[in-house]
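Residue numbers for the sequence shown follow the numbering used here, so the first one is 46 and each next one is one higher. All C-beta atoms, glycine included, are put in the ideal place defined by N, C-alpha and C. Everything on this sheet refers to the single structure shown next.
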Amino acid sequence: MIDITPHFADDGTLARVIPGFRPRPQQLEMAAAIARAIHGNRLLVAEAGTGTGKTFAYLVPALLSGGKVIVSTGTKTLQDQLFHRDLPAVRKALKVPVGVALLKGRQNYACHYHIGRAQLEGRFLNREDAVHIRTIAKWLMHTQTGDKAECTGVPEDSTVWMAATSTRENCLGQECPNAKECFVMAARRAAQEADVVVVNHHLFFADVMLRDEGMGELLPACNTVIFDEAHQLPETASMFFGDSASTGQMLDLARDTRVEAVAGARDFLPLQDATRSLEKAARDLRLAIPGENARLSFEQVGDKADFLAALDVVEHELEAFVGLAESQAERSEGLEKCWQRATDLHARLTNWRRLNQPDTIRWVEVFSQSASLNTTPLRVAEIFRKQIEGNAKSWIFASATLAVGQSFGHYCGELGLDVLDPPPDTGMWGSPFEYQDQALLYAPANMPDPNSPLYLDAVIEAAVPVIRAAQGRTFVLCTSLRAMKHIHEGLESRFHRQALDFPLLIQGQASRSELLERFRQLGNAVLVASQSFWEGVDVPGDALSVVIIDKLPFAPPDDPVLKARVDWIEKQGKNPFMEYQLPRAVISMKQGAGRLIRSERDRGVLMVCDPRMISKPYGKRVWQSLPAMRRTRIEEEVVAFLEALPPPASSAD
Numbered sequence: 046m047i048d049i050t051p052h053f054a055d056d057g058t059l060a061r062v063i064p065g066f067r068p069r070p071q072q073l074e075m076a077a078a079i080a081r082a083i084h085g086n087r088l089l090v091a092e093a094g095t096g097t098g099k100t101f102a103y104l105v106p107a108l109l110s111g112g113k114v115i116v117s118t119g120t121k122t123l124q125d126q127l128f129h130r131d132l133p134a135v136r137k138a139l140k141v142p143v144g145v146a147l148l149k150g151r152q153n154y155a156c157h158y159h160i161g162r163a164q165l166e167g168r169f170l171n172r173e174d175a176v177h178i179r180t181i182a183k184w185l186m187h188t189q190t191g192d193k194a195e196c197t198g199v200p201e202d203s204t205v206w207m208a209a210t211s212t213r214e215n216c217l218g219q220e221c222p223n224a225k226e227c228f229v230m231a232a233r234r235a236a237q238e239a240d241v242v243v244v245n246h247h248l249f250f251a252d253v254m255l256r257d258e259g260m261g262e263l264l265p266a267c268n269t270v271i272f273d274e275a276h277q278l279p280e281t282a283s284m285f286f287g288d289s290a291s292t293g294q295m296l297d298l299a300r301d302t303r304v305e306a307v308a309g310a311r312d313f314l315p316l317q318d319a320t321r322s323l324e325k326a327a328r329d330l331r332l333a334i335p336g337e338n339a340r341l342s343f344e345q346v347g348d349k350a351d352f353l354a355a356l357d358v359v360e361h362e363l364e365a366f367v368g369l370a371e372s373q374a375e376r377s378e379g380l381e382k383c384w385q386r387a388t389d390l391h392a393r394l395t396n397w398r399r400l401n402q403p404d405t406i407r408w409v410e411v412f413s414q415s416a417s418l419n420t421t422p423l424r425v426a427e428i429f430r431k432q433i434e435g436n437a438k439s440w441i442f443a444s445a446t447l448a449v450g451q452s453f454g455h456y457c458g459e460l461g462l463d464v465l466d467p468p469p470d471t472g473m474w475g476s477p478f479e480y481q482d483q484a485l486l487y488a489p490a491n492m493p494d495p496n497s498p499l500y501l502d503a504v505i506e507a508a509v510p511v512i513r514a515a516q517g518r519t520f521v522l523c524t525s526l527r528a529m530k531h532i533h534e535g536l537e538s539r540f541h542r543q544a545l546d547f548p549l550l551i552q553g554q555a556s557r558s559e560l561l562e563r564f565r566q567l568g569n570a571v572l573v574a575s576q577s578f579w580e581g582v583d584v585p586g587d588a589l590s591v592v593i594i595d596k597l598p599f600a601p602p603d604d605p606v607l608k609a610r611v612d613w614i615e616k617q618g619k620n621p622f623m624e625y626q627l628p629r630a631v632i633s634m635k636q637g638a639g640r641l642i643r644s645e646r647d648r649g650v651l652m653v654c655d656p657r658m659i660s661k662p663y664g665k666r667v668w669q670s671l672p673a674m675r676r677t678r679i680e681e682e683v684v685a686f687l688e689a690l691p692p693p694a695s696s697a698d
């Protein structure tokens, strides 16, 4: 086995090439453990605290291993950072001739065929999309990769990308007139040839599903798989090992079929009529489900007359649609694809209606404009374990938040790693940061019960003096959208009354990346956010000095997937709260807390408003899993700590 120690030394290969690199014992120990796991074809579950430098800890042994490696990240943002910044730096430092490739899902690559068709039809949701499609078409002429992240003139979340990219359903494959210049196929070829391929968890599981369906491998066979942000895997796996049929998919199918019918079957009007009937049936199905932004169990909707009647109509319309589309499928590649999509969607809808599997959860998610009928496996452990046992020689699971206390039992159990033979290796490396000096954990006294109608106002009252002392520079992380809106309105009112001139931002005002950039540049802002800001957010330096968490992040008890899993655990004679709900909340809590201290010079306050962290016996498991900060319940101590910090950049100018 290659000795990796010299690479992490004071005067080692990394220090000579990477600005600001400094040796950390935790990083070297973690890298050595990963090197042993790769060399011995082992499975390693590794928790590395913030600041450990886990990316270099796994990249060095991976690049030196000589085998084929897949690195899977939690987000596309991290994927891009890894491929464009960290991987080139380590490869340059090690001077190894390793071929690397970046591979994303097809919806991230511009499609020549669909862009051409969108320009020809000129049907856009708004004027901005019409401008954006021209920008994309110009960029298309000189891009080498087709990765939409490189098209800086058009936001990644712009609705026009739906018309400028392909999906698995509407891709024409080898029959496409632009097949030779296809960016998706080029990216896949590059991945097949590379030694190190950087993907994300969604793409990894999409490939697993394709393999299970006998449709070939998207990802190359490899020797090692490394999961970064591995705490996300149970949730991602649940989504991919399940299934769904949505009204949005029906509307897309109807729209695409109508376009293809105009081009390839203009003389067959029944198909165009069927697209309109399907659109109406899909919209009526959405209207038959009450509420919005809610998750409902099958039991909550399955006996409602309006819902069942709308479902009957959709199933009938889809069945008729399949027959009509089949009759025209030979007239063009596009019409054949639409027939295949209709057949698949009809089968999924039928399966959802008639499902009778005790290990599968049936539920509905309803949004403002659409609804989806979902199935989710009760447990992913057995399914995921089969992938482990049948693929790759070594598996590395790395994250800052995998353990509850000192135990990896919950995480390994969720993924079926606990019953592997031999059992997985585990390792835990704490953060090199001096939390005792750098941070305070503040649990305000006299907070009401979190279920009290007065609770959110008490959170606001406790937060304002802390925000004032920090001169803004605060994240308020909420456990629900309702709490987020209430707290934002309450802070806005109090800022106005007390003449506090701190910019107040809220999730949803702009994209996550735009909000973060605005927060960093302002220097004294307050951002109120919900779940999407609890992880993967990095604001080192003076712009962030306080993280306020409104409640312990327990999943809503009425969530249909959670309720089904809780019922199943109870039937096993176990305690679902202690074995499932609390461990998940602890891992989420560690993620939220991790936003505060991001570098050796950061200082700040983590404020957890929920009194259960102090008053309930299980609360001890929560705060013992957090970094070893000094703890206080006294507001004056917190204010004094924050007032001693250097002023924000905005007020120092």
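- For arginine 676, the three-state secondary structure derived from DSSP is strand.
- Within the same chain, and ignoring the five residues on either side of arginine 676 in sequence, the residues whose Cβ sits closer than 6 Å to its Cβ are Leu486.
- Using a 10 angstroms sphere on the CB of asparagine 620, the tally of other CB atoms stays under 16, which defines it as exposed.
- Shown here for glutamine 626: same chain residues with a beta carbon closer than 8 Å to its own, the five before and five after excluded, namely Phe599, Ala600, Leu607 and Val611 in chain order.
- The beta carbon of aspartate 329 sits closer than 6 Å to the beta carbons of Ala355 from its chain, once the five residues preceding and following it are set aside; these are given in chain order.
- Put simply, the backbone Cα of glutamine 72 is about 15 Å away from that of phenylalanine 442.
- Comparing alpha carbon positions, the residue from Val145, Glu214, Thr180 and Glu92 closest to glutamine 124 is Val145.
- In the three-state DSSP reduction, methionine 207 falls in the helix class (H, G or I).
- Annotation for tyrosine 480: Pro672, Ala673 and Met674 place their beta carbon closer than 6 Å to its own, counting only its chain and skipping 5 residues before and after.
- Here DSSP, grouped into helix, strand and coil, assigns alanine 503 to helix.
- With a beta-carbon spacing of about 7 Å, methionine 492 and alanine 507 fall inside the 8 Å limit used to define contacts.
- In this structure, DSSP gives glutamate 410 an extended state, which the three-state scheme calls strand.
- For serine 117 against histidine 276, the beta-carbon gap comes to about 13 Å, at or over 8 Å, which does not count as contact.
- Straight across, the Cα-Cα distance linking leucine 447 with threonine 388 is about 41 Å.
- If you draw a straight line from the Cα of valine 684 to the Cα of isoleucine 594, it comes to about 17 Å.
- Annotation: leucine 460 to isoleucine 614 spans about 15 Å, alpha carbon to alpha carbon.
- For proline 279, the uninterrupted alpha helix (DSSP H) run begins and ends at 278-285, by DSSP.
- DSSP places tryptophan 384 in the helix class (H, G or I) of the three-state scheme.
- Taken through DSSP and simplified to helix, strand or coil, methionine 473 comes out as strand.
- Between phenylalanine 478 and leucine 589, the C-beta gap is not smaller than 8 Å, which leaves the two residues out of contact.
- Counting only runs of at least 3 residues, the stretch 431-460 fully encloses the following beta strand (DSSP E) elements, listed from N- to C-terminal order: 439-444.
- With 16 or more other CB atoms across the displayed protein chains lying within 10 angstroms of its CB, asparagine 245 is buried.
- Using a C-beta cut-off of 8 Å, the stretch 574-589 makes contact with the stretch 630-641, since at least three inter-stretch Cβ pairs fall below that distance.
- The continuous beta strand (DSSP E) containing alanine 146 extends over residues 145-147.
- Contact between the stretch 163-176 and the stretch 201-211 is present: three or more C-beta pairs spanning the two stretches fall below 8 Å.
- Around the beta-carbon of glycine 119, 16 or more other beta-carbon atoms lie within 10 Å, marking it buried.
- With a threshold of 16 other beta carbon atoms within 10 Å, arginine 311 falls short and is exposed.
- Distances from the CA of phenylalanine 622 to each of Asp494, Ser660, Ala194 and Arg666 were compared; the closest alpha carbon is that of Arg666.
- Using a 10 angstroms sphere on the CB of proline 693, the tally of other CB atoms reaches 16 or more, which defines it as buried.
- Residue pairing by DSSP places tyrosine 158 in no beta bridge whatsoever.
- Contact fails between the stretch 321-337 and the stretch 392-399, because fewer than three Cβ pairs, one in each stretch, are under 8 Å apart.
- Within the model, the alpha-carbon separation for proline 510 versus glutamine 543 is close to 11 Å.
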